[in-house]
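Since the structure comes first, as structure tokens, the remarks are kept for the end.
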Amino acid sequence: MFNRVPGTKDILPDQVRWWQDIERTSRKIFSIHNYQEIRPPLIEDAALFTRSLGEATEIVQKQMFIIKREEDLYALRPEGTASIVRAYLENNLDKTGSFVKFYYMGPMFRAERPQKGRLRQFHHIGVEAIGSKEPEIDVEVIALADTLLKAYSIQGYSILINSLGCPKDKKELTRILRDNLKDKLEQLCPDCQARFDKNVFRILDCKNESCQNIVSQINIGNTYLCPDCAVHFQRVKAGLDSLGIKYETSPKLVRGLDYYTRTVFEFKHGQLGLQQDALGAGGRYDALVKELGGPETGAIGFAFGVERLNLAAGTPEAALKDNLVYLVTLGEQARFQGLKILADLRQAGIKADTDYENKSLKAAMRKANDLGAGFVLILGDDELKDNAVMVKDMKNSTQEKVPLDKLGDYLANKGKS
Ligand code: AMP
72 MFNRVPGTKD ILPDQVRWWQ DIERTSRKIF SIHNYQEIRP PLIEDAALFT
122 RSLGEATEIV QKQMFIIKRE EDLYALRPEG TASIVRAYLE NNLDKTGSFV
172 KFYYMGPMFR AERPQKGRLR QFHHIGVEAI GSKEPEIDVE VIALADTLLK
222 AYSIQGYSIL INSLGCPKDK KELTRILRDN LKDKLEQLCP DCQARFDKNV
272 FRILDCKNES CQNIVSQINI GNTYLCPDCA VHFQRVKAGL DSLGIKYETS
322 PKLVRGLDYY TRTVFEFKHG QLGLQQDALG AGGRYDALVK ELGGPETGAI
372 GFAFGVERLN LAAGTPEAAL KDNLVYLVTL GEQARFQGLK ILADLRQAGI
422 KADTDYENKS LKAAMRKAND LGAGFVLILG DDELKDNAVM VKDMKNSTQE
472 KVPLDKLGDY LANKGKS
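Each residue of the sequence shown is one higher than the one before, counting from 72 in our numbering.
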């Protein structure tokens with residue numbers, strides 16, 4: 072017997088309903104906000120991610136699933152943003168649509184150490200709005216994420232926001248962090264010592280207690296933002312205020328990927344019992360479109376981890392039973408006749424099934440009950456003779472004989488009442 076690959080999950084039929092609900096709810100809300108779905112491939116040129124996320128990031132250094140085919144290196148996508156910007160440029164959408172709003176849903180792959188809430192194949196639901204630097208789109212995107220969480224009935228989360236500023240400001244922020252940390256290098260964990268030169272932002276996310284203690288003493292201040300970036304951030308906050316969206320400004324929220332500039336944000340949930348408690352996160356990436364060969368333009372997006380949403384939503388309620396019509400046949404001739412009855416019901420759009428395990432009447436009735444059937448049709452010798460079936464209404468335990476040529480209408484009417 073084979074086992075699934077560690078860090079992957081089978082989403083079984085009784086769980087899939089929750090996933091379908093989340094997807095359906097999301098699509099509805101995306102549509103209301105005028106976002107269109109985009110479906111890039113799951114594999115990309117590995118260099119796309121190295122270039123976009125940054126050579127020194129954890130994802131690129133340790134977590135990419137690489138596929139080597141002859142001379143080519145592909146990667147299973149670890150995130151959606153880089154692929155979507157690639158698709159935007161490769162399909163000339165910067166020339167035809169210029170400002171676009173995309174949403175996407177699907178699996179992502181990261182070779183992390185598997186644990187609760189951290190998988191090697193997980194799922195994102197996210198958006199990318201490409202082609203605008205206006206702070207009002209930041210507000211729309213953060214508000215949209217908030218609307219989604221409310222629509223998923225998730226409570227107990229908080230919104231953290233920060234601004235990293237433009238690339239120049241980011242350099243200044245890097246300098247401030249290095250200045251604060253340089254005398255304490257020896258107290259940092261070995262990973263953070265390596266991060267000091269390569270990607271100092273990541274030290275702020277380290278879960279090591281000693282690193283966290285040091286980080287808690289850093290005073291970043293807000294002097295690193297240039298006047299334009301400071302105004303941008305002010306307008307984002309004012310927009311969120313005007314919509315009544317509660318958030319905390321968190322100077323230590325920096326996000327480790329190279330492409331982020333200006334606004335960054337995170338949706339945290341305290342009760343997941345995870346080391347990493349983010350339901351989702353995102354931010355602006357104003358330099359990325361140009362970095363990947365496109366025009367100078369702004370962009371912003373976010374992604375939720377669907378498995379984390381699932382943890383936050385609690386145990387999904389027992390799946391609602393469908394109004395299934397279940398046919399029980401007695402004897403070979405009835406079984407044969409039953410094929411046609413089933414086909415006719417399905418043709419009429421009625422959800423119908425039968426027993427393929429040759430069960431006794433009692434066992435078949437039990438099965439119908441387990442399946443949550445609304446009606447059971449019994450077809451025995453008497454019914455065959457009369458060209459009819461016995462229809463048992465499982466809700467109120469009544470039954471009546473119905474001619475086959477009236478069955479579709481009868482069930483359709485009952486279904487309405
Ligand atoms: P990131 O691109 O790392 O900011 O991820 C966005 C969201 O995806 C996170 O906030 C998590 O909810 C989710 N996520 C990221 N990595 C994983 C993972 N390995 N397993 C499960 N969910 C993840």
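Yeah, the Cβ is synthetic: ideal placement off N, Cα and C, and Gly gets one too.
With a threshold of 7 Å, establish whether the CB of L382 neighbours any heavy atom of the ligand AMP.
no
Going by beta carbon distance, what residues of the same chain come within less than 8 Å of Y481, once the five residues before and after it are set aside?
V462 and V473
With distance defined between alpha-carbon atoms, name the residue in L164, A146 and A349 nearest to F338.
A349
Comparing C-alpha positions only, which one of I109, D254, L235 and V131 sits nearest to K323?
L235
Please report the residue range of the alpha helix (DSSP H) in which H303 lies.
P298 to S313
Pull up the distance between the alpha-carbon of M436 and that of N467, whole angstroms please.
15 Å
Judging by CA-CA distance, which residue of R75, I285, D217 and G344 is the nearest neighbour of Y318?
D217
Span of the alpha helix (DSSP H) holding S229?
Per DSSP, S229 belongs to no alpha helix (DSSP H); it is in the beta strand (DSSP E), Y228 to S234.
If you follow the beta strand (DSSP E) that L350 is part of, which residue opens it and which one closes it?
A349 to R355
Proximity test, E378 beta-carbon vs the ligand AMP heavy atom, cut-off 7 Å
yes
For the beta strand (DSSP E) containing T96, name the first residue and the last one.
Counting along the chain, T96 falls outside any beta strand (DSSP E), though it belongs to the alpha helix (DSSP H) covering P84 to I103.
Let me know if G292 comes out buried or exposed under the rule of 16 or more other beta-carbons within 10 Å of its beta-carbon.
exposed
Thinking C-beta only, is A370 closer than 8 Å to V360?
yes
Use the C-beta contact count for S123: other C-beta atoms within 10 angstroms, 16 or more gives buried, fewer gives exposed.
buried
Using a Cβ-Cβ distance under 8 Å, would F304 count as near chain C?
The structure shown has no chain C; it contains just one protein chain.
Own chain residues within Cβ distance below 6 Å of A153, not counting five before or after
L119, F120 and S123
Coil, strand or helix - V286 by DSSP
helix
Identify whether G518 lies in helix, strand or coil by the three-state DSSP scheme.
Shown here, the chain extends from 72 to 488; a query on residue 518 therefore has no answer.
Can we say the stretch 393–406 touches the stretch 442–455, given the rule of at least three CB pairs closer than 8 Å?
yes
For C300 and P238, what's the separation of their Cα atoms in angstroms?
10 Å
Is the Cβ-Cβ distance between R249 and F267 less than 8 Å?
yes
Put Q134 into one of helix, strand or coil per three-state DSSP.
helix
Given that a residue counts as buried once 16 or more other Cβ atoms are within 10 Å of its Cβ, and exposed if not, what is D329?
buried
When I316, K172, D415 and L244 are compared against S203, the one with the closest alpha-carbon
K172
Where M176 falls: helix, strand or coil (DSSP):
strand
Please state if the CB of G78 and the CB of P185 are separated by a distance shorter than 8 Å.
yes
Applying the criterion that 16 or more other CB atoms from any shown protein chain within 10 Å of the CB defines a buried residue, is D85 buried or exposed?
exposed
Kindly indicate the opening and closing residues of the alpha helix (DSSP H) around M31.
Residue 31 lies beyond the residue range present for the chain, which begins at 72 and ends at 488; the question has no answer from this structure.
Which value, in whole angstroms, describes the spacing of the CA atoms of G443 and K80?
27 Å
The beta strand (DSSP E) that contains K472, what's its start and end?
T469 to P474
Sub-8 Å separation of T96 and A200 beta-carbons
no
Does the count of Cβ pairs from the stretch 253–265 and the stretch 274–282 closer than 8 Å reach three?
yes
Thinking C-beta only, is G188 closer than 8 Å to R379?
yes
Member of R98, F180, I103 and N484 whose CA lies at the smallest distance from the CA of A419
N484
Below 7 Å CB to CB, which residues in the same chain sit around G385 once its five sequence neighbours on both sides are set aside?
none
Measure the Cβ-Cβ separation of G541 and G177 and say whether it is below 8 Å.
The question about residue 541 has no answer here: the residues shown for the chain are numbered 72 through 488.
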